[in-house]
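FYI, the UniProt record's numbering numbers position 61 of the sequence shown as 61, with every residue one higher than the one before it.
All C-beta atoms, glycine included, are put in the ideal place defined by N, C-alpha and C.
Every value quoted in this text rests on a predicted model; they were computed, and no experiment measured them.
Here is the structure we will look at, set down as structure tokens.
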Amino acid sequence: MAAIQQQYGAQKASQAVETLFSQLAARLAAEGVARFIVAGGETSGVVTQSLGIKGFHIGPTISPGVPWVNALDKPVSLALKSGNFGDEAFFSRAQREFLS
């Protein structure tokens, strides 16, 4: 990532990644995917916006500070992990819960 940021600039590289994941989430949702595990605060924001989510019900905790959330008005569940929340096993635990 450092090399990409150096070549294109940190902000432009970040925006490209956020746009990619936003478009990917919207496309997956259009195909019927209803559960998402998203890492990164900014990425979480653009993904929820692309899915048209206006609010959440807080669900069970995956890791301290990271619960599953369920959209208020559509059958979509997300794990939105930002910053330093979650431990080393967060993604494997979230995926196991995702599949159950």
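Limits of the alpha helix (DSSP H) - the one that residue i falls within
i, result
"A29", "10-30"
"V46", "41-50"
"A94", "90-99"
Simplified DSSP state of residue i, which is helix, strand or coil
i, result
"A2", "helix"
Residue environment, residue i, which counts as buried when at least 16 other CB atoms sit within 10 Å
i, result
"A94", "buried"
"I62", "buried"
"S44", "buried"
"K54", "exposed"
Residues bridged to residue i [DSSP beta-bridge criterion]
i, result
"R35", "S77"
"residue 145", "Only positions 1 to 100 of the chain appear in this structure, which leaves residue 145 out of reach."
Proximity of residue i and residue j at Cβ, strictly below 7 Å
i, j, result
"F21", "V47", "yes"
"A25", "V76", "no"
"G89", "I37", "Sequence inspection shows Ala at residue 89; the Gly mentioned does not correspond to that position. Cβ atoms of A89 and I37: not closer than 7 Å."
"I58", "V69", "yes"
Start and end residues, beta strand (DSSP E) containing residue i
i, result
"F56", "56-63"
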